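Written below as structure tokens is the structure these notes are about.
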Amino acid sequence: MNYSKRLVGGRGKGIFESKSIAIAVSAAVSMLALNTAVKAQDEPAIEEVVVTGSLIQRADYVSASPVVTIGKEVLEDFGVVTLDQIMDTLPQSLGSYSARSNNPANAGIASVNLRGLGPNRTLVLIDGTRAMPSDGTNLVDLSLIPSSLVNRVEVISGGASATYGSDALAGVVNVSLDSKFEGFDISAQFSTTAEDDGEESVLELVWGQRFNDDKAGIVLFGSYVDREPVSAQDRRNTAWPINRFRDDSGEVVDQFRPGFLEEGRAQIFGNPPSQAAVDEVFGAYGVAPGLDICAGQNCSVGVNQDGSLFSLSPLENFRDSPPSVLTDPYGGNFDDPGLLQIPLERWSVGALGDFEVNDRVKLYGRLIYSHREVERLIGPASVGGRGSLALLPAPLNAVPIPADLATLMASRSDPSGPIFVERVFTELGGRGAIFEDDHYQALGGIRMKIGDAWNLNAHLSYGELDRKETQPGTLNRQALTQLMSGEASCGEGFALFGRNSISDACVDFISYLPEFNTTFDQTVVEAVASGPIFTLPAGDVLLAFGASYRDNGLAYRGDAFVNAGNTVGFRAQDFDDGSIDVSEFFGELVVPLLADKPGAKLLEASLGYRVSDYSTAGNVESYKGELNYLPVEAVRLRASFQRANRAPNLTEVLFTSGDANENIAEDPCSAGSSFRTGNVAGVDPARVADLCVAQGIPAGAIGEFQGSTSLQGTFEGNPNLDVETADTFTAGIVWTPRDDLSISLDYYEIEVEDFINFSAFAPLLERCYNAFGANPNYSANSNFCGSFGRDSQIGNIVDIKRSFENVATVERTGLDFQLSYDLSLEDAGTLSVNALVSTLMEANEQQFIGNPVVDYAGSIGGRIFQTLPEYQSTVTLSWSRGALAANLRWRHIDSMENRRVIDNSADTSSVGVPSMDYLDFTGSWQVSDRMTLTLGALNLTDEEPPIYTSSLDYNTDPNTYDVLGLRFFGRLNYRFN
């Protein structure tokens with residue numbers, strides 16, 4: 003495995019103030035290039051030097067920021083099909099969306115999440131230029147980049163906005179393609195798990211040819227990937243939704259987390275049946291008189307398959323055979339169906355080309371097109387609770403009702419009052435989200451020599467992604483209401499109670515297939531010129547400057563029927579069509595201070611500056627300062643400071659509306675709340691009560707008011723967002739005492755202010771009632787109080803409004819260690835050791851202005867991106883001798899405590915996760931000069947993922963842990979010369 007610290011790839015970026023200026027300058031550059039070409043027939047040929055992390059082209063460049071380089075052979079050795087598979091093994095990269103992200107997920111996009119700051123804060127480049135985003139948050143789908151043509155992947159951890167612009171707060175991933183490939187190469191790979199599922203098949207073709215004494219060339223490539231799903235029900239730790247906690251004795255207990263009943267249940271609010279009717283019905287089942295069906299379940303009963311009733315608390319007369327994991331009260335498995343690996347079918351084609359016009363001018367281009375289909379699958383649509391569908395008792399023939407349930411309904415004090423139905427519609431199947439994407443990006447550019455030592459690089463790129471999303475398994479609420487009210491009929495075979503009680507014809511009637519269409523596009527025009535400006539005793543002072551224009555657009559066509567609230571399934575959402583553009587100017591300067599002096603083999607300083615004018619956020623500045631110091635040849639000291647930024651993206655700005663649900667700990671207006679009882683510092687309980695009345699709670703009810711804690715409303719984008727700003731500091735040492743040994747240790751510190759967060763409702767609610775002194779006048783018209791309303795009759799919180807806000811501060815501090823050592827065993831071959839170790843010292847987060855700063859290092863949470871181990875490592879031992887090679891990789895993830903314990907030190911029940919270790923073994927045999935066979939076993943010891951209480955997929959974090967178990971792969975590569 004060739005993880006290397008030395009940076010050898012990438013390309014600087016350029017900038018322009020506006021689109022018209024950018025295009026004009028680009029045209030001028032091309033004219034200048036051709037003009038220069040006429041005058042330069044006898045000049046030296048262009049030396050193609052591309053650099054990641056700097057705008058200045060230098061063959062001897064070594065980054066002042068920590069860099070990890072993953073070579074092509076690593077991808078082949080470990081059977082990497084999509085690049086997220088290798089990024090997930092880097093300690094610097096924490097859990098992100100991937101092939102294992104089913105719920106939550108992001109349109110099946112595979113991304114990278116450096117430093118745990120979120121994938122939208124890691125910039126992904128292809129050959130030093132911006133890749134085409136795959137959604138409105140600027141995420142680049144790594145699964146769309148064909149691994150067959152990847153030459154290396156370079157990861158710079160730390161801010162890089164002065165070099166590359168927005169989104170590079172946490173770092174940069176640059177994918178370098180093999181534009182010089184020659185010959186014809188065909189590769190086939192197949193993998194499967196030890197459970198005989200999750201098959202993945204890959205076919206890759208690459209052809210390349212150089213012409214005219216290597217002055218021109220073309221590379222054509224194609225690849226096909228077919229990945230099969232893996233069901234959560236097929237693995238022990240993920241088959242059932244589990245709440246893991248520590249009881250009073252300290253023992254760890256696993257408790258089933260119930261969902262809605264597949265059989266269905268009837269809930270009766272405030273209008274219970276008579277006890278005599280309950281005794282009559284349940285007495286016929288052999289239950290003793292006096293059963294209280296209203297004990298803890300809002301007066302509800304379930305319906306067995308034979309039409310008899312059962313009570314839920316206590317569980318009486320349940321006639322099914324529940325698995326042993328189930329506990330009282332009985333509930334359905336809301337994780338069934340569900341996927342541990344989402345299916346993917348993708349084919350990609352493309353071309354790379356270059357043409358040397360003369361010794362001074364070279365043209366180059368790139369085209370990549372991919373078609374991708376990916377599917378998510380979660381539990382079936384369900385209805386339940388007071389806000390769900392009401393079943394009216396008349397006409398009774400509209401919907402079949404079990405006779406015993408009709409007896410209970412008729413005994414109520416108001417026999418005509420509604421009952422509320424809770425049911426899982428398993429007959430519709432799981433709720434699916436099928437994404438079909440057509441994605442392409444075309445790029446054309448020019449490199450040229452200007453004079454004897456200056457270089458100019460300019461390019462224009464355009465990319466587009468067209469996505470169609472369909473959602474099978476969606477329940478047509480409107481059609482269901484018509485059936486329940488008797489306004490419509492689907493024939494025989496429709497009953498709300500009992501499993502599989504809806505016929506195929508009625509399933510068709512109450513089903514709806516939503517369709518959503520989205521188009522994303524990106525235009526980039528940029529140019530950068532670099533070269534020496536004068537000479538100091540230590541060497542040339544180098545300058546780079548340039549300009550760029552970038553435009554990202556979004557066009558969305560939602561489903562009007564869904565957005566009108568007529569369906570149950572996924573949440574309704576809508577976007578405004580629009581775009582965000584930015585014009586930028588930049589510059590970078592490298593100053594050699596000392597060279598070849600005692601105690602200073604090299605001392606070099608670099609400065610960078612960029613100014614950006616966003617159509618949304620206005621003018622933004624980013625800058626950097628770096629030092630490279632070699633006191634002796636074998637020791638390099640490096641340090642950098644970067645001011646980075648991230649501008650609001652399309653989703654954060656253009657999102658117009660969506661459904662929002664949230665649970666809160668308490669309603670501040672409730673009589674027993676901490677706000678009303680004087681337990682919140684600086685809050686006057688009497689003034690809180692007055693404010694509650696002013697908001698609409700009846701004055702006569704305020705003394706005993708108890709507000710609901712289960713809330714509904716909407717969330718939306720925010721066109722007034724400001725940019726995020728980050729200060730990144732890194733300092734390290736690189737020691738290379740000999741050619742076969744290299745060791746580095748780097749310290750990093752990243753602080754992000756004005757962090758854009760999808761604001762939780764609870765902090766807004768608390769501040770309405772003057773928490774943290776946010777509403778000292780207790781005004782109902784404050785901005786915080788405007789984030790919700792209250793029901794005019796009961797007083798419950800309604801119409802909550804959530805949006806993206808610049809509300810948080812996030813910090814990351816840690817150490818990275820790298821080691822690379824090659825040992826010759828003489829006749830026994832060569833042994834290599836590569837180690838990557840990352841220690842997270844601090845993960846401070848202030849989730850809302852005024853909140854305390856909390857250190858979450860070493861904790862795991864219930865949401866994506868909240869897994870923050872203090873220690874991670876990847877160590878690879880490689881051996882090679884002649885035609886044989888083998889690799890043993892050890893991945894370690896440290897133990898973590900539950901995030902709930904950090905948020906509440908009094909929490910003694912929440913359980914964290916133990917440390918995890920994974921071993922991967924691969925071997926390859928070069929059968930002939932043309933053929934290579936590679937075999938491998940990943941997760942060799944078949945480790946199961948740790949269980950903890952999580953709202954992520956299936957009791958664990960599948961974005962961090964291996965949920966599939968032992969996997970095998972075989973790869974055959976054949977090259978035609």
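Here the sequence shown is numbered in the numbering used here, starting from 3 and rising by one per residue. Note that beta-carbon positions come from the ideal geometry of N, C-alpha and C, so glycine has one too. As the structure is a prediction and not an experimental result, all values here were calculated from the model.
Residue environment, residue i, which counts as buried when at least 16 other CB atoms sit within 10 Å
i: residue 599; result: exposed
i: residue 172; result: buried
i: residue 213; result: exposed
i: residue 825; result: exposed
i: residue 30; result: Because the pLDDT of residue 30 is 38, which lies under 50, any placement of that residue in the model is unreliable, and the number read from its coordinates should be weighed accordingly. The residue is exposed, with fewer than 16 neighbouring Cβ atoms inside 10 Å.
i: residue 405; result: exposed
i: residue 842; result: buried
i: residue 332; result: Bear in mind that a pLDDT of 48 at residue 332, under 50, signals an unreliable position, so the model cannot answer this.
i: residue 886; result: exposed
i: residue 960; result: buried
i: residue 191; result: buried
i: residue 549; result: buried
i: residue 507; result: exposed
i: residue 908; result: exposed
i: residue 135; result: buried
i: residue 795; result: exposed
i: residue 725; result: buried
i: residue 979; result: exposed
Supposed close pair residue i, residue j - CB separation, criterion 8 angstroms
i: residue 2; j: residue 230; result: Nothing about residue 2 can be read from this structure; the chain reaches only from 3 to 979.
i: residue 644; j: residue 163; result: 7 angstroms
i: residue 874; j: residue 121; result: Incorrect: roughly 17 angstroms between the Cβ atoms, too far for contact.
i: residue 383; j: residue 570; result: 5 angstroms
i: residue 531; j: residue 456; result: 6 angstroms
i: residue 677; j: residue 771; result: 5 angstroms
i: residue 378; j: residue 435; result: 4 angstroms
Residue closest to residue i, alpha-carbon to alpha-carbon, out of the options
i: residue 764; options: 725, 419 and 804; result: 804
i: residue 800; options: 704, 666, 754 and 726; result: 666
i: residue 153; options: 319, 138, 181 and 175; result: 181
i: residue 369; options: 356, 377 and 362; result: 356
i: residue 71; options: 155, 889, 610 and 135; result: 155
i: residue 270; options: 250, 287 and 411; result: 411
i: residue 850; options: 823, 883, 899 and 766; result: 766
i: residue 607; options: 538, 624 and 693; result: 538
i: residue 2; options: 944, 899 and 635; result: The requested residue 2 does not occur in the structure, where the chain is confined to residues 3 to 979.
i: residue 637; options: 480, 741 and 240; result: 741
i: residue 287; options: 266, 309 and 273; result: 309
i: residue 747; options: 114, 69 and 884; result: 69
i: residue 195; options: 966, 251, 254 and 976; result: 966
i: residue 631; options: 673, 737 and 695; result: 737
i: residue 238; options: 946, 623 and 674; result: 946
i: residue 836; options: 282, 854, 881 and 221; result: 881
i: residue 518; options: 500, 588, 593 and 438; result: 438
i: residue 533; options: 590, 573, 581 and 498; result: 590
Any chain C beta carbon closer than 8 angstroms to residue i
i: residue 187; result: This model lacks chain C altogether; it includes just one protein chain.
DSSP bridge partner residues for residue i (one or two, in chain order)
i: residue 450; result: 363 and 458
i: residue 295; result: Paired residues: none, contrary to the question.
i: residue 748; result: 734 and 818
i: residue 858; result: Answer by DSSP bridge pairing: none, since residue 858 is not bridged.
i: residue 534; result: 544
i: residue 445; result: 368 and 463
i: residue 615; result: 585 and 621
i: residue 470; result: 438 and 519
request  = Report yes or no: do three or more beta-carbon pairs, one from the segment 522–530 and one from the segment 552–562, lie closer than 8 angstroms?
outcome  = Yes, the segment 522–530 is in contact with the segment 552–562.
query = Are there three or more Cβ pairs, one per stretch, closer than 8 angstroms when the segment 723–731 is compared with the segment 742–755?
reply = In this structure the segment 723–731 lies against the segment 742–755, because at least three pairs of beta carbons, one per stretch, are closer than 8 angstroms.
key: Cβ contact check for the segment 939–948 and the segment 906–924: 3 or more pairs under 8 angstroms   = Contact between the segment 939–948 and the segment 906–924 is present, because at least three Cβ pairs lie under 8 angstroms.
query = Touch check for the segment 889–906 and the segment 855–872: three-plus C-beta pairs under 8 angstroms?
reply = Result yes; three or more Cβ-Cβ pairs closer than 8 angstroms.
inquiry  = Three Cβ pairs or more, each shorter than 8 angstroms: is that satisfied between the segment 483–496 and the segment 447–455?
reply    = Cβ pair count under 8 angstroms is below three, so no.
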